[in-house]
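Residue numbers for the sequence shown, in our numbering: 160 to 565.
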Amino acid sequence: MLQLYIALAVVAICIYFKWTLSYWTRKKVEAPPPLPIVGNMGEMIIQKKHYGEVYNEIYRSYPTAKYVGIYKMGTPAVLVRDLDLVRDVLVAKFAHFHDNDFEINTTLDPLLANNPFTARGTEWKNIRNQVSPLFTTAKVRACFNIMKEVGDTLLEYLDSSPEINRSEGVDIKKVMTKFTTDVVASTVFGVKAHAFVDPNSEFVQMSREFFVPSFLGAIKGMIAFFAPKIATILRISFVTENLDRRLRNLIRQLMASREANEKNARKDFVQAFVELKKKDQENRITEDLIVGQAVTFITDGTETSATVMTYTLYELARNPEVQKKVQDEIDRVIEENGQMTDEGIMQLELLDRCIHENLRLHSVAFNMTRICTKPFELPQQFPNEGQPVTISAGTPIIIPMSAIHM
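Spelled out as structure tokens, the structure:
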């Protein structure tokens with residue numbers, strides 16, 4: 160009898176994968192051949208390739224297609240190639256794709272659940288409405304002088320630190336990470352991270368916990384992106400209890416200090432939250448929301464910005480004639496304004512173009528992912544060939560930015 164049950168289970172599993180992995184064939188959409196369980200992500204699962212490389216190869220394999228059917232593990236997904244379709248997903252038909260393909264359990268990860276990147280549907284709209292007042296032009300510009308102070312610290316570090324050995328070259332990524340860590344600590348939390356002088360300071364350790372690669376972190380990330388329901392079943396959280404506690408304690412102390420010393424408050428984002436909370440009559444500005452936004456600032460403002468600056472400096476070093484023009488532009492703006500100001504930053508047009516070109520060459524993220532939230536009709540896959548295809552709600556949409564840029 161046991162053998163019969165096993166046989167029936169095996170047959171059922173085989174039928175399930177046969178049906179699931181024939182989805183695009185039934186839709187008459189071309190797709191690379193999938194494997195059971197892993198779909199088209201086999202090389203990523205065995206850590207042979209980054210998932211961005213897998214998407215890039217699929218993108219290049221269908222040069223005339225507007226989109227390609229793929230399988231994220233056992234889930235049918237759409238990899239977009241056509242720029243008009245990209246515009247539909249991100250702008251024109253946004254109502255059909257307003258959620259990111261990143262699922263967070265609000266009980267296990269209340270801080271990440273308050274990140275606009277992971278929030279979905281009504282909750283995403285609520286968070287956006289609650290935090291939008293923090294990002295007025297006046298509030299952002301008020302942080303310029305704080306960032307300038309950190310810039311002065313950076314110059315002192317480059318001039319005097321024994322870690323800067325010009326004869327052997329400079330690990331500029333490490334330097335830029337120190338800079339962005341100090342900027343986030345100062346402009347958001349109003350604290351000194353001391354990243355340039357103390358690699359083991361409290362804030363540096365908290366920031367490092369998000370970004371230092373580890374085998375466990377890689378497994379968690381893989382589960383989050385490709386099998387989020389397994390993360391819920393296994394009760395996997397992405398912000399550790401220790402980090403959650405430390406961040407909450409930091410925010411509580413800062414909020415209490417600001418409320419007790421209103422006259423001498425800094426113009427940073429913690430202060431903006433203090434002022435926002437005073438006006439909150441419906442108790443919508445919760446601790447989870449405030450600390451969750453603090454996590455967002457750390458994750459979005461530290462590593463990504465450091466990576467952009469690192470590659471921009473790298474490309475300028477490879478192109479000294481462009482570097483000279485950028486330096487001349489900076490010198491001219493400083494001479495005209497007496498010093499670098501926030502208005503002067505907006506006059507650095509060549510530097511702005513260099514940063515954008517760097518973002519094309521070295522995308523901070525390989526791809527963007529959305530979820531189809533209500534049925535949507537895709538155009539025919541190839542020019543003058545085939546029929547439009549309707550995809551259902553829940554279908555992941557992948558926009559391979561790195562491949563499109565190149």
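All residues carry an ideal CB built from backbone N, CA and C; glycine is no exception.
Treat the numbers as computed from the prediction; the structure is a model and nothing was measured.
Bridge partners - residue i, DSSP secondary structure assignment
i, result
"N517", "The partner list for N517 (beta bridge, DSSP) is empty, contrary to what the question assumes."
"V237", "G228, I556"
"D258", "I530"
"G211", "DSSP output for G211 lists no bridge partner at all."
"L194", "G198"
Cβ pair residue i, residue j closer than 8 Å
i, j, result
"L267", "R394", "yes"
"E488", "L509", "yes"
"T561", "N215", "Note that residue 561 is Ser in the sequence shown, not Thr. Yes."
"P555", "D260", "yes"
"I305", "S366", "no"
"P192", "I229", "no"
"D447", "F303", "no"
"Y221", "R246", "no"
"I558", "N517", "no"
"A431", "K298", "yes"
"V363", "V398", "no"
"G201", "G233", "no"
"V481", "C513", "yes"
"F428", "K252", "no"
"D403", "L194", "no"
"A301", "K436", "no"
"S265", "A272", "The sequence as given places Thr at residue 265; Ser does not occur at that position. For T265 and A272, yes; Cβs fall inside 8 Å."
"G460", "V343", "yes"
"I204", "L238", "no"
"W283", "P275", "yes"
"W183", "P235", "yes"
"V248", "R529", "yes"
"V576", "I410", "This structure gives no information on residue 576, because the portion of the chain shown stretches from 160 to 565."
"R279", "D258", "yes"
"V188", "V485", "no"
"I331", "L507", "no"
"F541", "A168", "no"
Classification of residue i by the beta-carbon crowding that lies within 10 angstroms, buried from 16 upward
i, result
"Y226", "buried"
"Y470", "buried"
"K337", "buried"
"I550", "buried"
"M505", "exposed"
"T296", "exposed"
"H255", "buried"
"S181", "exposed"
"Y175", "exposed"
"T346", "buried"
"V213", "buried"
"Q162", "exposed"
"I172", "exposed"
"S522", "buried"
"F294", "exposed"
"K438", "exposed"
"I263", "buried"
Segment limits, alpha helix (DSSP H) that includes residue i
i, result
"A419", "400-419"
"F369", "361-370"
"G497", "Where G497 is concerned, there is no enclosing alpha helix (DSSP H), given that its DSSP letter is neither H nor E."
"M335", "331-343"
"T223", "No alpha helix (DSSP H) holds T223; DSSP gives it neither H nor E."
"L346", "According to the sequence displayed, residue 346 carries Thr and not Leu. First-last for T346: undefined, no H or E at that position."
"R394", "No alpha helix (DSSP H) contains R394, which DSSP labels as neither H nor E."
"D243", "242-246"
"T184", "182-185"
Item to complete: Scan the stretch 267-327 and note each continuous alpha helix (DSSP H) run of 4 residues or more that stays entirely inside, going in chain order.
Response: Runs of the alpha helix (DSSP H) inside the stretch 267-327: 280-290, 296-300, 303-319.
Worksheet item: Mind pulling the beta strand (DSSP E) runs of 3 or more residues that sit fully within the stretch 506-559?
Response: Runs found: 527-530, 535-537, 548-550, 555-558.
Worksheet item: Unbroken alpha helix (DSSP H) runs of length 4 or more, entirely within the stretch 434-494: which are they?
Response: For the stretch 434-494, whole alpha helix (DSSP H) runs of length 4 or above, ordered along the chain, are 446-457, 463-477.
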